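These notes concern the structure reproduced below.
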Amino acid sequence: MSGTRSTGERGGVLPPAAVAPETLDAESRRWTPARIALWAAIALLGGLAWVMLALVRGETVNAIWFVFAAVCTYLIAYRFYSKYLERKLIRPDDRRATPAEYKADGKDHVRTDRNVLFGHHFAAIAGAGPLVGPVIAAQMGYLPGTIWIIVGVVLAGAVQDYLVLFFSMRRGGRSLGQMAREELGVVGGTAALLATLLIMAIIVAILALVVVNALGESPWGVFSVAMTIPIALFMGVYLRYIRPGKVLEISIIGFVLLMAAIIGGGWVAHTEWGAAFFHLDKSTIAWGIIVYGFVAAILPVWLLLAPRDYLSTFMKIGVIGLLAVAIVVVRPEITVPAFSEFAGRDNGPVFSGALFPFLFVTIACGALSGFHALIASGTTPKLIEKERQTRYIGYGGMLMESFVAIMALVAAVSIDRGLYFVMNAPVALTGGTVEQAAQWVNSLGLAGVNVTPGELKDAAAAVGEQTIISRSGGAPTLAVGLAHIMQQFIGGPGMAAFWYHFAIMFEALFILTAVDAGTRVARFMLQDSIGNFLPKFKDASWRPGAWLCTAIMVAAWGAVLIMGVTDPLGGINTLFPLFGIANQLLAAIALAVCLAIVAKKGRFGALWLVALPLAFTAVVTITASFQKIFSPVPAVGYFANNAAFTKALADGKTSFGTAKTVPAMEAVVRNTMIQGVLSVVFVTLAIIVIITALLATIRAFQAHRAGESVTDHEDPFVPSKVYAPAGLIPTPAERELAAEWDKVPASERLADAGHH
């Protein structure tokens, strides 16, 4: 049935480590009538859903079509497009050992069950991005965001994640910056390393800022989220020492404790001491997260990070699945137009800038995200058991994240449009009171929007909050949307407050996981970079180096976070475009490195699979950066805004635009200068990387034509002595081989796969 057999630990003969390629090929080409009918039905349903969303223009559109369009497209993309990539570009070989096998150390390199690893990877990549971007982008109407999230992930986002994960795994789990150094030389490599470190600091700061905005002045939320930390620590200790390996058992206990934390939060928030103790302002919460980020990044992975990932993956996939079912059952009608009044303008209240290029940088995670390239070349490639699993984890994990983004978009467009703008516009526009907010939103002249102060008061009371005006950052809007749909499905209006806080905690869990993972990956990257000059830093187990690098990275993102929390323009509204552009520039860097690697392999016929998303991302991000740097419109250009406020200060004004005091005006001058300079630095570094990658590609092409060999930086081939299936559901051939392995005595096998 399959290739060569190897000897076990005690000299016995082991079954093959892989199903024979010809067997796999025959299995994927076997088309039965039932299978053909199934795929035809999926294609028809998906096609119908797209027609309903994009072409049929009624008064309303049913939310059910979003679910069908997304799921059918993902299924087809995973079954056909990712298989095409696997065959043309990747060419995995399960007879090769992965770094988790040949570098196994029980700490960073551990063979991990594919489904547990899918959870860990998904939890690490799916931070705030898929929740925040689509909510903010809903200002443009539902269609632009929907098309970019679904089509973008298939052709760009999942392709990047899959390629980076595979290439990093083949190179012993090297980071993106190190791969760039090897493939692009000193100039391109140094630019990539600098860009990844700086961008990482911005990304983690924005993620933390979303948590701060969601928890500010919300005692219920603060209590519930604070409780997740002891719950995760307990789960880590339980799995490690009390009941090792009992994953399902601790998951159930963890879930029950989480529910108790949410319900308990409602009770605590209504007591006098609870309201006083847990009612924190945003600056206090920000400092708390900074301290938490440092501690979480230096604790062992099994103690906080892994159980936390686990908890949040259960919660995430569970909640998103539940929301999808609720949408199919409740079938909410959506009144938001396909293209809103702001689609053709560049002065929207939620974010400023035209649809092209800003929609594509506002929705980053969910369609394409450079942050994922850091995770896919960080922790995941060191844990993967077999090469063919990279498709399930890299491509499949990203499709799952894209589905989260679509659900977030549906939740945002299902609530009243007036309420949406009141919640997401900065206080400077809404005024912060129900009367001013209602007057402002009615003055926008939006079709079908007529909001009264009473409605805004009732909306806040319904979800158990004091106010929902200018609760920007996407998280509260998503929570209101989710509560609106879920209470129709389970529990009625009385349950709306529970669902709202359930959603807030779900999001904060989501995001804190990304803050943990992001800080840890950033620490590895900084150690790698310093290690080029001081080799001692390369040793990840050297504690002083690890602590120093963690402290530097936490200080970097902490500074940006504090800047965002104290920003009079509403931190998320000014920082999110910078986050989006930085994230997409990072994706361009990752795709450029992949382009050079594919070219060096001599696979020029399939080069367009990488060149297409790279070209699109490069055009979008460079255009967006140039607009942010050179635009004369203060709402769009950082330097134009800076000049306007500087002039106002020089003229002796005591308030200007959104800043009501002189210190606030000075803060705007300082922040816009920092953001403008960062934009210039990011785009310059990205352009250097893209040019060096194109030169490396041309050189590889010339060498290939001349018949010369090109240096390959992959680790040498090591034969594998373990076996595991590739996807979620094993194929018949995989099951057959697994049965052979089950008969091998434990003493003959390599130490079994870890489930850390």
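Each residue of the sequence shown is one higher than the last, beginning at 90 in our numbering.
C-beta atoms are modelled at their ideal positions from N, C-alpha and C, and glycine is treated no differently.
Being a predicted model, the structure only gives us computed values, none of them experimental.
For residue i, which of helix, strand or coil comes out of DSSP?
i    : result
E148 : coil
V757 : helix
A129 : helix
T655 : coil
A526 : helix
F431 : coil
T201 : strand
A748 : strand
V102 : strand
V293 : helix
R560 : coil
A795 : coil
D801 : coil
H359 : coil
E111 : helix
N531 : helix
I818 : coil
K196 : coil
S503 : helix
G660 : helix
Exposed or buried, which one is residue i when buried takes at least 16 other CB atoms within 10 Å?
i    : result
G669 : buried
R168 : exposed
W309 : buried
V766 : exposed
N731 : buried
A115 : exposed
G442 : buried
R94  : exposed
P219 : buried
S532 : exposed
D851 : Residue 851 lies beyond the residue range present for the chain, which begins at 90 and ends at 845; the question has no answer from this structure.
A713 : buried
S171 : buried
Q267 : buried
Report the partner residues of residue i according to the DSSP bridge assignment.
i    : result
I423 : V150
P808 : R185
Can you grab the Cα-Cα spacing for the pair residue i / residue j, in whole Å?
i    : j    : result
A527 : A549 : 14 Å
G241 : L448 : 12 Å
G234 : N513 : 17 Å
I574 : V538 : 20 Å
Y589 : I339 : 26 Å
G483 : Q764 : 32 Å
F622 : C638 : 14 Å
A349 : F587 : 12 Å
I236 : T710 : 18 Å
Q673 : V699 : 15 Å
G741 : A303 : 36 Å
H844 : F613 : Residue placement at H844 cannot be trusted, given a pLDDT of 42 that sits under 50; what the coordinates show is reported in the next sentence. If I take the Cα positions, the gap works out to 22 Å.
L134 : G620 : 53 Å
E797 : G691 : 11 Å
I179 : F255 : 7 Å
K717 : S768 : 8 Å
R259 : R185 : 9 Å
G694 : H793 : 13 Å
I131 : T149 : 24 Å
M90  : T820 : For M90, the predicted structure reports a pLDDT of 49, less than 50, and the residue's modelled location is therefore unreliable. A value from the coordinates is still provided. Whole-angstrom Cα-Cα distance: 14 Å.
Which same chain residues, not among the five before or five after residue i, have their C-beta less than 6 Å away from its C-beta?
i    : result
S401 : A212, L598, F599 and T602
W139 : A158
A789 : A688, K689 and V799
V870 : Given that the chain is displayed from residue 90 to residue 845, the structure contains no residue 870 and the question cannot be resolved.
F728 : G765
D841 : Low confidence applies here, because D841 scores a pLDDT of 45, under 50, leaving its location unreliable; read the following figure in that light. For D841, where only same-chain residues beyond five positions count, there are no Cβ hits under 6 Å.
Just to confirm my understanding: we take residue i, look at its own chain, exclude 5 residues before and 5 after, and list those with CB closer than 7 Å. What are they?
i    : result
F431 : Q228, M229 and G437
F719 : G726
S744 : T750
G305 : D370, K371 and I374
V772 : L674, I711 and S714
In its own chain, which residues sit with a C-beta less than 8 Å from the C-beta of residue i, not counting the 5 before and 5 after it?
i    : result
R332 : E338 and I339
G325 : W391, L392, L393, A395 and P396
V493 : A215, P219, L220, K405, I409 and G455
W631 : K625
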